[in-house]
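Numbering (our numbering), first residue to last: 1468 to 1591.
Have a look at the structure below, then the notes.
So, in structure tokens, the structure goes:
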């Protein structure tokens, strides 16, 4: 659990730019507090974890890396309505962005509610 990243305002502010860079369309971001109980996101992860366990059993292999997770998710018939991509991140660039964000961090915290449950995006 990395609580500092779990509620990242920086991620929320940059999400649309990240999506545009990778030609992704994000219509809704659902953010639930940790330990909130079962919901649609937990249900989706339950299907993934079931697929990973089947992969471990069938292939007698471990799932210990993001690449393993992607492979295990596609094993056999895969997980219906899911797609997993593994990306490589430029840590130096992320540190630069984090340093720039630090300048406005206090202001963002004042303007955004602390617990945003759902954000809907439009083309505007």
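Positions of the beta carbon are idealized from the N, C-alpha and C atoms, including for glycine.
{"Check": "Rounded C-alpha distance that separates residue 1571 from residue 1564", "Outcome": "11 angstroms"}
{"Check": "Residue 1570 in three-state terms, based on DSSP", "Outcome": "helix"}
{"Check": "Assigned secondary structure, residue 1485 (DSSP; H/G/I helix, E/B strand, else coil)", "Outcome": "helix"}
{"Check": "Range covered by the alpha helix (DSSP H) that runs through residue 1556", "Outcome": "It is not in any alpha helix (DSSP H) - residue 1556 carries neither H nor E in the DSSP assignment."}
{"Check": "Cut-off 8 angstroms between Cβ atoms - residues of its own chain near residue 1486, not counting five sequence neighbours on either side", "Outcome": "1492, 1493"}
{"Check": "Nearest-angstrom Cβ-Cβ length linking residue 1521 and residue 1542, presumed shorter than 8 angstroms", "Outcome": "7 angstroms"}
{"Check": "Proximity to residue 1540 [Cα-Cα], best of 1555, 1516, 1529, 1587", "Outcome": "1516"}
{"Check": "Residue 1532, DSSP secondary structure in three states", "Outcome": "coil"}
{"Check": "Environment of residue 1575 [buried if 16+ CB atoms lie within 10 Å]", "Outcome": "exposed"}
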